[in-house]
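Our numbering applies: residue 1 is where the sequence shown begins, and numbers increase by one. Virtual Cβ for every residue (Gly too), placed ideally from N, Cα, C. Worksheet for the structure shown next.
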Amino acid sequence: MKKDMDKFFITPILKRSMQKGLFAIFFLILLILCNGCAHNQEISGYSAPWKFAVVADTQGGNRKQEIKSSINETVLKEIVHDITAERPDFVLIAGDLVSGWIQSGSKDFKAQYAAWKTAMKPVYNAGIRVFPVRGNHDVGPERVVLPPLPAHLEPLPGADALLEQAYREAIAEFYIPDNGPDGEKGLTFSFMHKNVFVVGLDVCGNPQHKVNLKWLDNEFAMLDKTRKKLSDNSKAGSAEISSVRQDDKRLHVFVYAHEPAFQVRHRDCLAVYKEDRDAFWDLMGKAKTRVYFCGHDHLYNRAVVADSAGNEIRQIVVGTGGGRLVQWSGVYEEAKRVKGEHSVSGYHGYVLVTIEGNKATLIWKAMIPQEDGGIRWQELDSFSYILQ
């Protein structure tokens with residue numbers, strides 16, 4: 001029963017939610033039954049804490065090797081071990097899974113993603129679902145703001161299509177949603193899990209540095225309709241069902257992609273097209289999104305940026321899960337608007353999110369090297385919010 005119910009809840013709810021007038025009641029009765037038997041949660045909502053993890057930039061490897069590895073096996077092995085021990089419900093991968101298109105000795109694309117899947121096998125085997133989106137290494141060279149590549153670094157003709165094929169084959173799990181816009185199905189998607197709505201965005205494909213705003217607006221509009229339906233029906237049924245609906249009205253919304261929306265270290269990000277970026281930020285604010293996760297910069301950074309209506313959204317660069325460590329000046333390109341809250345360079349790590357009803361707690365777990373060659377995990381940042 002649990003397996004079947006998991007498939008039901010992880011399936012995108014938005015198009016299904018309006019099919020039948022009694023869907024909300026049916027959904028919530030199933031929700032209570034599933035949570036009660038499978039997760040031993042209280043019937044009054046999602047009071048039992050549950051977790052998910054966010055990782056980015058697992059690409060890397062030893063550049064000194066004649067045949068460069070596509071991932072940083074040493075770091076990723078430690079991250080996989082720690083994530084598996086944390087037992088999250090799912091893991092979001094914010095792009096740059098492998099070295100990808102960079103030639104300099106790289107393995108062929110299918111072999112790269114096979115190495116990544118092998119490294120991630122303990123997570124998959126633990127029944128933890130993995131939801132990747134692509135980064136620039138998974139797509140091809142940046143062609144908008146960065147200088148042209150030297151000829152010897154250019155990927156071979158047709159490499160972009162081969163890379164996309166290898167990526168799609170590697171992540172083709174049955175639970176990856178297929179509800180993205182045309183041209184991005186399986187690459188951009190949304191899904192519901194318990195009291196969390198997640199949107200994964202492909203921002204490194206064609207066009208680069210842009211979000212499909214029409215699709216996202218439609219997803220958020222249908223999410224609002226679902227919220228309203230749950231609210232309108234809140235007086236029907238038992239007190240327990242009404243209580244669960246009250247929690248559903250306060251859905252957490254998380255959005256993630258590879259590139260920051262507001263420039264931190266790399267200028268090849270969504271800030272290339274500021275008007276589109278601002279429209280994206282406003283859509284998230286209107287949908288009550290509180291956190292936008294991203295990678296790309298190979299460091300950890302938490303900043304708060306308000307949309308045009310004053311809604312505060314955190315942009316969290318989740319650190320690097322294997323890519324080379326870098327330093328950053330600490331100066332935001334849009335410093336008047338972006339208010340930095342915490343930044344850490346010099347360690348690999350990932351974000352762990354704990355959901356407890358209408359409260360979310362986000363911690364950044366850093367991998368600290370030890371003198372004896374081992375590592376220890378340390379929480380170097382923590383942030384919480386409560387939905388009202």
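Classification of residue i by the beta-carbon crowding that lies within 10 angstroms, buried from 16 upward
i	result
residue 22	Bear in mind that the predicted position of residue 22 carries a pLDDT of just 43, short of 50, making it unreliable; the figure below should be weighed with that in mind. By the 10 Å Cβ count, residue 22 comes out exposed.
residue 131	buried
residue 263	buried
residue 300	buried
residue 171	buried
residue 315	buried
residue 175	exposed
residue 277	buried
residue 190	buried
residue 149	exposed
residue 372	exposed
residue 49	exposed
residue 145	exposed
residue 349	buried
residue 71	buried
residue 221	exposed
residue 223	buried
residue 305	buried
residue 194	buried
Beta-carbon proximity check, residue i vs residue j, cutoff 8 Å
i	j	result
residue 353	residue 54	yes
residue 343	residue 327	no
residue 368	residue 347	yes
residue 295	residue 318	yes
residue 151	residue 321	no
residue 82	residue 365	yes
residue 181	residue 128	no
residue 94	residue 293	yes
residue 212	residue 184	yes
DSSP three-state assignment for residue i, whether helix, strand or coil
i	result
residue 94	strand
residue 228	helix
residue 176	coil
residue 347	coil
residue 374	coil
residue 163	helix
residue 1	Caution is warranted here: a pLDDT of 41 is assigned to residue 1, below 50, making its placement in the model unreliable, and no coordinate value can be reported.
residue 195	coil
residue 187	coil
residue 289	coil
residue 217	helix
residue 58	coil
residue 261	coil
residue 102	coil
residue 182	coil
The ligand NAD heavy atom lying under 7 Å from the CB of residue i
i	result
residue 48	Because no ligand of any kind appears in the structure shown, any question about the ligand NAD cannot be addressed here.
- Query: Counting pairs of Cβ atoms below 8 Å between the segment 74-90 and the segment 116-132, do you hit three or more?
  - Reply: yes
- Item | beta strand (DSSP E) runs wholly inside the segment 120-148, at least 3 long, in chain order | 129-133
- Message: Under 8 Å, with one C-beta from each stretch per pair, do the segment 159-168 and the segment 276-289 reach the 3-pair mark?
- Response: no
- Message: Under 8 Å, with one C-beta from each stretch per pair, do the segment 202-215 and the segment 256-270 reach the 3-pair mark?
- Response: yes
- Message: Tell me whether the segment 130-146 and the segment 92-103 touch, counting them as touching only if at least three CB pairs, one residue from each stretch, are closer than 8 Å.
- Response: yes
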